Ligand SMILES: Nc1ncnc2c1ncn2[C@@H]1O[C@H](COP(=O)(O)OP(=O)(O)OP(=O)(O)O)[C@@H](O)[C@H]1O
Ligand SMILES: [Mg+2]
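Residue numbers (our numbering), protein chains in the order written: chain A, 3 to 273; chain B, 174 to 525.
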């Protein structure tokens, strides 16, 4: 392990009244990794991601990004640091075009506010818009959504919306991208596409990926390391093979100690 | 929707406000026609156009707040009034030329709007509506008390617009002042909506949680929206003051606030051009009702229903009924109807 971790959670606990969503969870993600969080429904995976993106504030513990304590940082400040994310339940700007949705991702990179924006041609807002538009088009090409760039996001089919959400998160130029079930509800072909995009993001675009995913096949294929949550606690962490071989994981998460563990899990988790 | 074969060749051409060649031709033709309007129209008709322009600017401001940012204000008329008094006061107290007083009044009103908009950073929905209602009453009360600012119950005389010796004290001349401001304010809003802060406002409306994750500071943009809306109201109010050459407190009551909301709903929430359509509708509707009543006057129906005495009541009823009908049958407003009509003609005669 060469560099210092890009993300570290230290003894994070999160309670909602009597519900313990997370209990003393610690882990770290190294730069350049694809790190997956798995676990049964309600295990606290999304809660963990929310603590990182700032939606939730941990009841106890700390979250560090690039060595900096961000536990109490406003969510809107985290985009500027280099954290992007997608949501488990789609969270696009439904009435905006796909293009505008993705351009919102550029928000923290744009300098022209309302005054120079209104003047547009005077003062450089137009130049800035067009420069960023060019970069956004690269993302659109990468995710193969050229044909819908002018469509209103809320009218698109599910699979495409997932892709637009990914595009919007990429537009932020994040160092760390958090993907909450990027393949949920997709058919096999769409899943394969999505897995390829995630790998490209990691390898070609140099982004560190933290992913929540139920599809065990995909998790095994593309993650460097995996963490398993169960009832808000971390029960295992390591390489996919290591985690799959773990006795706790088999019992707690998979509910059985079968030989064909991975296949069963994939079936059980398929929606 | 663009006709097939109308391909864009650069991102620049792809980001224009008026995307097709025909729409640009129509725009320039329309502007040329408007510039010639004072030659052809009488003072009464020009007065209607001036009113449409002024109300359109104020409605656009409210649309930025309600339609684009998804907030609510039932105090818009108070900001409109503040702009009117501010411009008159700036001219009298500081001897600033009227031409400059108008944008300055806009800035002053924006500052007041930011103060009253501050609760928007925390309040939503009904609670925010009540907070803006409070703003309406507080400002009305201020107007009644601050004699130095408003002239009190007697009202305040205002000076006509003048620039380089050209006085705009009649409909024929003031029309051009309003036309210029309409162009500036509407182009400004259209530009805003295709740049960072405009998109941020819409993002806050559509999904504030993911807007925040995109780096958008919710409190800032919710408050900013009030500032911009108030700026528009202030400029419109200032124009109104220098058009009527007299301003008094009663004009800026909650009924006018409701009318502004009506314009925005009828024109189309979240539509720049719709704001002007809604204003035109609201200004012309009473004319139509009046014309209808005049046509009936003296007839059997008039005698039976005594329309003559209740015409103003009928007018309010008609406006109320129209708002309700729009909410039910055309919730996206005139702007959408207009788009459908354009789409129909684009494909004509193959539109099915
Ligand atoms: N805002 C909230 N208020 C109250 N309880 C919550 C809240 N968010 C999450 N929880 C609870 O915390 C626990 C963990 O939820 P979380 O959404 O993190 O699970 P998950 O692992 O993402 O599950 P899934 O696979 O279904 O997405 C659940 O018991 C859930 O009910
Ligand atoms: Mg979840």
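The beta carbon of each residue, even a glycine, is placed where N, CA and C say it ideally should be. None of the values given here were measured: they were computed from a predicted structure.
Within the stretch 21-55 of chain A, those residues whose Cβ lies closer than 8 Å to any Cβ of chain B are, in chain order, 55. In terms of CA proximity to residue 253 of chain B, B:401 leads the group B:213, B:401, B:266 and B:202. Taking C-beta atoms as the reference points, residue 351 of chain B and residue 223 of chain B count as a pair closer than 8 Å. Residue-level contact by beta carbon holds for residue 386 of chain B and chain A, with a gap shorter than 8 Å. For residue 98 of chain A, the chain B residues whose C-beta falls within less than 8 Å of its own C-beta are 372, 375, 376 and 379, listed in chain order. Here DSSP, grouped into helix, strand and coil, assigns residue 182 of chain A to strand. Contact of residue 242 of chain A with chain B by beta-carbon distance below 8 Å is absent, the smallest such distance being about 28 Å.
For residue 390 of chain B, the C-beta contacts it makes with chain A under 9 Å involve 76, 78 and 79, in order along the chain.
If you check each beta-carbon in the stretch 230-242 of chain B against every beta-carbon of chain A, none falls closer than 7 Å. Looking at the DSSP output, residue 213 of chain A sits in a beta bridge with A:38 and A:181. Cβ proximity to chain B below 8 Å picks out nothing from the stretch 213-240 of chain A. Cβ-Cβ separation between residue 134 of chain A and residue 111 of chain A: approximately 7 Å, consistent with a contact (criterion under 8 Å). For residue 448 of chain B, no chain A residue has a C-beta closer than 8 Å to its own C-beta; the minimum C-beta separation is roughly 15 Å. Within chain A, no C-beta atom comes nearer than 9 Å to that of residue 273 of chain B; the closest sits roughly 18 Å away. Contacts with chain A at 8 Å (Cβ-Cβ) do not include residue 403 of chain B. Residue 235 of chain A: member of the beta strand (DSSP E) spanning 235-240, first to last residue. Under the 8 Å criterion on CB atoms, residue 397 of chain B is classed as interfacial with respect to chain A.
No Cβ of chain B is located within less than 8 Å of the beta carbon of residue 203 of chain A. In terms of Cβ geometry, residue 141 of chain A and residue 104 of chain A form a close pair [threshold 8 Å]. With its beta carbon less than 8 Å from one in chain A, residue 365 of chain B belongs to the interface. In chain order, 57, 77, 89 and 93 make up the part of chain A whose C-beta sits under 9 Å from the C-beta of residue 382 of chain B. In chain A, no part has a C-beta under 7 Å from the C-beta of residue 194 of chain B; the shortest such distance is about 18 Å. Flagged as an interface residue toward chain B: residue 131 of chain A, by a C-beta distance shorter than 8 Å. Check the Cα spacing between residue 342 of chain B and each of B:414, B:404, B:366 and B:355: the tightest is with B:414.
Residue nearest to residue 290 of chain B within the set B:268, B:497, B:210 and B:306 is B:306 (criterion: CA-CA distance).
Here residue 508 of chain B is not near residue 229 of chain B, since their CB atoms are 8 Å or more apart. At least one heavy atom of ligand 1 lies closer than 7 Å to the C-beta of residue 49 of chain A.
According to the DSSP assignment, residue 467 of chain B belongs to the alpha helix (DSSP H) that extends over 445-469. Contact check for residue 369 of chain B against residue 188 of chain B fails: the beta carbons are separated by 8 Å or more.
Interface annotation for the stretch 185-214 of chain B against chain A: 185 and 188, criterion Cβ-Cβ distance under 7 Å. With fewer than 16 other Cβ atoms from the protein chains shown falling within 10 Å of its own Cβ, residue 189 of chain A counts as exposed. In the three-state DSSP reduction, residue 26 of chain A falls in the strand class (E or B).
The Cβ of residue 368 of chain B sits closer than 8 Å to at least one Cβ of chain A. Against chain A, a Cβ distance below 8 Å from residue 361 of chain B picks out 120 and 121. For residue 158 of chain A, none of the residues of chain B pass the 8 Å Cβ criterion, the least Cβ distance being about 14 Å.
At a C-beta separation below 7 Å, residue 112 of chain A has these neighbours in chain B: 369.
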